[in-house]
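Chemist: In order, the protein sequence lines correspond to chains A and B. Residue numbering for the first sequence follows UniProt numbering, starting at 1 and increasing by one per position. Residue numbering for the second sequence follows UniProt numbering, starting at 1 and increasing by one per position. Even for Gly, the Cβ is constructed at its ideal location relative to N, Cα and C.
Protein chains: 2
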Amino acid sequence: MSTTTRRVAEAEARAMLRALELAGLGVRGANPLVGAVLLAPDGTVLGEGHHRGAGTPHAEPAALADAGDRGHDPRGGTMVVTLEPCNHTGRTGPCSEALISAGVARVVFAADDVNGPAAGGASRLRAAGVGCVGGVEAEASKHLNERWTASVVAGRPFVTLKSAQSLDGRVAAVDGSSQWITGPEARADGHRLRALADAVLVGSGTVRDDDPRLTARGGASGEEPAAGSGPALRVAMGLTPVPSEAAIRGAGFVHLPTRDVPAALDELFARGVRHLLVEGGPRIAAAFLRAGVVDELVSYVAPVVLGDGAPAFPDLGIDSLAAAPRWSLDDAGGPAVRRLGADVRLHLRPPPPGEQAEPVPVSDAGRPDPR
Amino acid sequence: MSTTTRRVAEAEARAMLRALELAGLGVRGANPLVGAVLLAPDGTVLGEGHHRGAGTPHAEPAALADAGDRGHDPRGGTMVVTLEPCNHTGRTGPCSEALISAGVARVVFAADDVNGPAAGGASRLRAAGVGCVGGVEAEASKHLNERWTASVVAGRPFVTLKSAQSLDGRVAAVDGSSQWITGPEARADGHRLRALADAVLVGSGTVRDDDPRLTARGGASGEEPAAGSGPALRVAMGLTPVPSEAAIRGAGFVHLPTRDVPAALDELFARGVRHLLVEGGPRIAAAFLRAGVVDELVSYVAPVVLGDGAPAFPDLGIDSLAAAPRWSLDDAGGPAVRRLGADVRLHLRPPPPGEQAEPVPVSDAGRPDPR
Numbered sequence: 001m002s003t004t005t006r007r008v009a010e011a012e013a014r015a016m017l018r019a020l021e022l023a024g025l026g027v028r029g030a031n032p033l034v035g036a037v038l039l040a041p042d043g044t045v046l047g048e049g050h051h052r053g054a055g056t057p058h059a060e061p062a063a064l065a066d067a068g069d070r071g072h073d074p075r076g077g078t079m080v081v082t083l084e085p086c087n088h089t090g091r092t093g094p095c096s097e098a099l100i101s102a103g104v105a106r107v108v109f110a111a112d113d114v115n116g117p118a119a120g121g122a123s124r125l126r127a128a129g130v131g132c133v134g135g136v137e138a139e140a141s142k143h144l145n146e147r148w149t150a151s152v153v154a155g156r157p158f159v160t161l162k163s164a165q166s167l168d169g170r171v172a173a174v175d176g177s178s179q180w181i182t183g184p185e186a187r188a189d190g191h192r193l194r195a196l197a198d199a200v201l202v203g204s205g206t207v208r209d210d211d212p213r214l215t216a217r218g219g220a221s222g223e224e225p226a227a228g229s230g231p232a233l234r235v236a237m238g239l240t241p242v243p244s245e246a247a248i249r250g251a252g253f254v255h256l257p258t259r260d261v262p263a264a265l266d267e268l269f270a271r272g273v274r275h276l277l278v279e280g281g282p283r284i285a286a287a288f289l290r291a292g293v294v295d296e297l298v299s300y301v302a303p304v305v306l307g308d309g310a311p312a313f314p315d316l317g318i319d320s321l322a323a324a325p326r327w328s329l330d331d332a333g334g335p336a337v338r339r340l341g342a343d344v345r346l347h348l349r350p351p352p353p354g355e356q357a358e359p360v361p362v363s364d365a366g367r368p369d370p371r
Numbered sequence: 001m002s003t004t005t006r007r008v009a010e011a012e013a014r015a016m017l018r019a020l021e022l023a024g025l026g027v028r029g030a031n032p033l034v035g036a037v038l039l040a041p042d043g044t045v046l047g048e049g050h051h052r053g054a055g056t057p058h059a060e061p062a063a064l065a066d067a068g069d070r071g072h073d074p075r076g077g078t079m080v081v082t083l084e085p086c087n088h089t090g091r092t093g094p095c096s097e098a099l100i101s102a103g104v105a106r107v108v109f110a111a112d113d114v115n116g117p118a119a120g121g122a123s124r125l126r127a128a129g130v131g132c133v134g135g136v137e138a139e140a141s142k143h144l145n146e147r148w149t150a151s152v153v154a155g156r157p158f159v160t161l162k163s164a165q166s167l168d169g170r171v172a173a174v175d176g177s178s179q180w181i182t183g184p185e186a187r188a189d190g191h192r193l194r195a196l197a198d199a200v201l202v203g204s205g206t207v208r209d210d211d212p213r214l215t216a217r218g219g220a221s222g223e224e225p226a227a228g229s230g231p232a233l234r235v236a237m238g239l240t241p242v243p244s245e246a247a248i249r250g251a252g253f254v255h256l257p258t259r260d261v262p263a264a265l266d267e268l269f270a271r272g273v274r275h276l277l278v279e280g281g282p283r284i285a286a287a288f289l290r291a292g293v294v295d296e297l298v299s300y301v302a303p304v305v306l307g308d309g310a311p312a313f314p315d316l317g318i319d320s321l322a323a324a325p326r327w328s329l330d331d332a333g334g335p336a337v338r339r340l341g342a343d344v345r346l347h348l349r350p351p352p353p354g355e356q357a358e359p360v361p362v363s364d365a366g367r368p369d370p371r
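(1) Going by DSSP, what residues sit across from B:Pro311 in a beta bridge?
(2) Using the Cα positions of A:Phe269 and B:Trp148, report the straight-line distance between them to the nearest angstrom.
(3) Excluding the 5 residues flanking B:Ser96 on each side, which residues of the same chain have their C-beta closer than 6 Å to its C-beta?
(4) Should A:Val153 be labelled buried (16 or more other beta-carbon atoms within 10 Å of its own) or exposed?
(5) What residues from the segment 192-217 of chain A come within 7 Å of chain B, judged by C-beta to C-beta, listed N to C?
(6) In terms of alpha-carbon separation, which member of B:Gly131, B:Ser151, B:Leu39 lies closest to B:Val114?
(7) Using C-beta distances below 6 Å, list every residue in its chain close to B:Asp343, excluding the 5 sequence neighbours before and after it, in chain order.
(8) What residue range does the beta strand (DSSP E) around B:Glu267 cover?
(9) By the three-class DSSP mapping on this structure, what secondary structure does A:Glu48 have?
(10) Can you confirm whether B:Ile181, when its beta carbon is compared against all beta carbons of chain A, has any partner nearer than 8 Å?
(11) Output yes or no for whether 8 Å exceeds the beta carbon distance between A:Pro314 and A:Arg290.
(12) Can you give, in chain order, each stretch of the alpha helix (DSSP H) that sits fully within the segment 116-164 of chain B and has at least 4 residues?
(13) In the DSSP assignment, find the alpha helix (DSSP H) that holds A:Asp66 and state where it starts and stops.
(14) Out of B:Arg345, B:Arg339, B:Asp330, B:Arg338, which one is the CA nearest neighbour of B:Glu146?
(15) On the three-state DSSP scale, how would you describe B:Ser101?
(16) If you measure from the beta carbon of B:Pro303 to each beta carbon in chain A, is any gap under 8 Å?
(17) Assign B:Glu60 to one of two classes, buried (16 or more other C-beta atoms within 10 Å of its C-beta) or exposed (fewer than that).
(18) Within 8 Å, do at least three Cβ pairs link the segment 168-176 of chain B to the segment 189-203 of chain B?
(19) Just to confirm, does A:Ala322 get its C-beta within under 7 Å of one of the non-hydrogen atoms of the ligand SAM?
(20) If we ignore side chains and look at the alpha-carbon of each, how far apart do B:Ala118 and B:Glu139 end up?
(21) Starting from A:Val207, follow the alpha helix (DSSP H) in both directions and report where the run begins and ends.
(22) Would you mind telling me which residues of chain E sit closer than 9 Å to A:Asp315, beta carbon to beta carbon, in chain order?
(23) In three-state DSSP terms, what is A:Ala19?
(24) Between B:Ser163 and B:Ala286, how many whole angstroms is the CB-CB distance? I'm expecting something under 8 Å.
(25) Taking 8 Å as the threshold (beta carbon to beta carbon), is A:Pro311 in contact with chain B?
(26) Among B:Ala11, B:Phe158, B:Gly68, B:Met16, which one has its Cα closest to the Cα of B:Thr44?
(27) Given a cut-off of 8 Å, decide if B:Leu99 and B:Val108 are closer than it, judged by their beta-carbon atoms.
(28) Starting from B:Gly334, find everything on chain A with Cβ-Cβ shorter than 9 Å and list it in chain order.
(29) When you compare only the Cα positions, how much space is there between B:Ala13 and B:Arg339?
(30) Within its chain, find whatever has a CB closer than 6 Å to the CB of B:Ala67; leave out the 5 residues flanking it on each side and keep chain order.
(31) Relative to the C-alpha of A:Arg170, which residue among B:Leu321, B:Ser178, B:Arg6 is closest?
(32) From the beta carbon of B:Gly169, is the nearest beta carbon of chain A less than 8 Å away?
(33) Would you say A:Ser328 reaches chain B, if we count a Cβ-Cβ gap shorter than 8 Å as a contact?
(34) Based on Cα-Cα distance, which residue from B:Gln179, B:Val81, B:Leu265 lies nearest to B:Cys132?
(35) So who's on the other strand from A:Ser96, going by DSSP bridges?
(36) Using a cut-off of 7 Å between C-beta atoms, extract the partners of B:Ser177 located in chain A.
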């Protein structure tokens with residue numbers, strides 16, 4: 001290998017690590033997290049990009065645009081990207097065509113695209129004479145998107161569960177009072193979550209008790225969605241009738257009179273929902289957790305101690321600590337742990353599918369290690 | 001007021017704000033949080049200091065030492081400090097004498113010292129011809145130490161409550177398994193808390209069930225106490241007998257066979273305990289919370305969801321959200337919200353004594369604002 005070839009190979013390896021870092025800046029949801037770095041033929045970085053969520057440019061066009069903004073010519077360059085470029089006209093055009101038009105000479109990607117309608121980008125690029133290498137850092141890219149991949153493979157929406165609770169895990173006090181456990185900053189953040197999703201779902205009992213609107217109103221931060229914007233669909237799930245005067249009603253309202261989580265997800269997927277935000281109440285939250293379909297959890301924790309009251313996640317059927325799934329702090333989309341006014345926001349991802357809970361450690365004597 | 005006098009006055013005002021900031025770097029416990037800034041006669045900063053916890057130098061000697069390290073002469077200078085200098089030989093000598101010996105000409109302090117044995121510093125300084133001005137930013141200083149002041153006035157130890165729980169507020173699963181909810185980094189941090197306190201207390205039921213040692217072993221961080229170091233006293237509280245072979249026994253062990261929190265605190269105060277760490281179990285934690293004597297709460301939250309099991313703080317007698325005390329994130333001693341390995345550590349202070357819980361907000365229509 002010549003010195004130049006080695007230098008370029010090293011630049012591509014560095015670019016892939018950087019692209020993975022960029023991917024992690026994106027927001028989980030209907031689309032996978034993807035990052036991209038455009039290199040000149042000599043390995044110089046020309047542009048960087050990542051996908052910021054459904055309806056915004058994919059990572060490769062974002063990196064091409066960044067290179068353009070910097071006054072760089074992409075022709076003959078190498079696009080290093082964490083996912084096989086798409087070959088699909090969705091809310092944006094196919095990335096394969098964008099790369100061909102831009103005159104990119106080579107594409108290095110990490111994971112294959114498993115999303116049926118979008119796959120096939122590498123074949124299209126090769127047919128157009130663009131050199132294509134896949135599988136570089138594929139495991140890291142797959143790890144970043146394993147829950148998204150699982151939802152695509154299963155043909156169901158990506159599910160975000162949102163919860164607002166006291167420090168001791170209560171969503172309401174003994175008398176049922178629950179407004180407001182968290183402060184205005186946390187609630188505004190919750191409204192931002194709504195604006196990102198295709199649908200927001202609550203239990204029909206919650207509709208009866210709290211009469212939520214489920215719109216995405218503006219809040220304290222400057223990054224608010226426009227007033228009145230919101231998810232395409234507002235869903236009440238469960239057997240409780242939805243009153244005719246309920247605030248959730250109107251265009252985009254759906255009542256799914258079922259307690260069956262997979263059936264509800266099938267119905268919503270058929271209606272085009274690719275990202276579902278589940279907001280509770282606790283029985284609905286627990287049903288989605290039990291079904292193993294929660295792909296991320298956003299938990300707003302208020303520094304209030306209630307001692308008693310409705311638990312955030314009742315009846316999960318977990319008997320021992322060893323059997324409890326270990327979630328992990330997830331920095332995709334921003335720091336996993338954030339202060340929001342007086343409250344704390346945790347962003348968590350579940351353990352990888354099939355991963356066992358950790359066994360309880362025991363001391364040499366075979367009994368739990370005394371504290 | 002001459003330009004020079006105004007400049008010096010402004011320097012003193014700035015120095016007091018800086019001293020308050022420095023005070024907040026300290027660690028809560030047996031002593032108050034105090035910060036100090038030494039100024040030259042022209043208002044130049046000569047040195048800074050803060051009190052780092054029981055057994056370490058007070059803020060004023062720390063600022064004098066810092067000035068010395070920087071090669072500055074304290075003579076004729078002004079000490080700006082957030083608490084009246086002490087007049088008491090405790091674990092360190094009286095600050096009043098240190099300031100007089102150092103030739104400091106003027107002392108500006110915020111809050112009066114309410115601690116009987118240590119008070120009187122200002123009188124002593126004035127008697128020695130040192131100019132003394134008190135009450136500058138006194139409210140901010142009092143706010144910083146209001147819980148410490150309350151404990152001193154009540155003649156009881158400052159109480160730190162430590163808790164390790166699942167995201168949903170459980171300290172054990174349904175089968176009783178609780179080791180380990182949190183990971184090694186959180187446990188090591190808990191051992192550091194032990195090393196700072198004069199005494200560590202658990203319920204006698206916890207002694208029977210878990211057989212804790214309550215020593216302060218070293219952990220993952222570099223800032224560990226020496227191996228084998230620990231609190232002076234290990235306390236079991238409650239009516240359950242402590243087995244003769246219990247690991248908690250040995251020099252420094254006390255059993256307080258009572259469920260009465262004030263009585264236990266009286267007894268520990270009489271034994272010289274000025275900082276008590278309460279570690280649980282949940283019934284003990286709740287008893288201290290109900291008694292209103294918890295001065296800070298350190299909560300380790302593991303990203304595991306149990307759904308059921310022993311609650312962290314049972315039976316607080318709080319019926320409504322409006323009646324629940326609102327704690328607040330406390331940055332004294334370091335960021336209030338920290339990641340420790342896979343877990344999150346929250347450092348909280350209770351609402352000021354006598355402060356009401358926030359009323360439940362209602363909409364214009366007089367009913368809870370719908371979400």
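Modeler: So, from the data block:
(1) B:Arg170
(2) 57 Å
(3) Pro85, Asn87, Gly121, Arg124, Leu125
(4) exposed
(5) Asp210, Asp211, Pro212, Arg213
(6) B:Ser151
(7) Thr182, Gly183, Ala186, Tyr300, Ala302
(8) Here B:Glu267 belongs to no beta strand (DSSP E); instead the alpha helix (DSSP H) covers 261-270.
(9) strand
(10) yes
(11) no
(12) 121-127, 138-144, 146-154
(13) 59-69
(14) B:Asp330
(15) helix
(16) yes
(17) buried
(18) no
(19) With respect to the ligand SAM, the structure offers nothing, as it holds no ligand at all.
(20) 20 Å
(21) 204-210
(22) Among the chains of the structure shown, chain E does not appear; the protein chains present are A and B.
(23) helix
(24) Going by Cβ atoms, the distance from B:Ser163 to B:Ala286 rounds to 11 Å, so no, they are not a contact pair.
(25) yes
(26) B:Ala11
(27) no
(28) Near B:Gly334 there are no residues of chain A at all, since even the closest Cβ is about 14 Å away, more than 9 Å.
(29) 35 Å
(30) Leu38, Leu46, Gly47, Pro74
(31) B:Leu321
(32) yes
(33) yes
(34) B:Val81
(35) Per DSSP, none; premise fails for A:Ser96.
(36) Ser320, Leu321, Ala322, Val360
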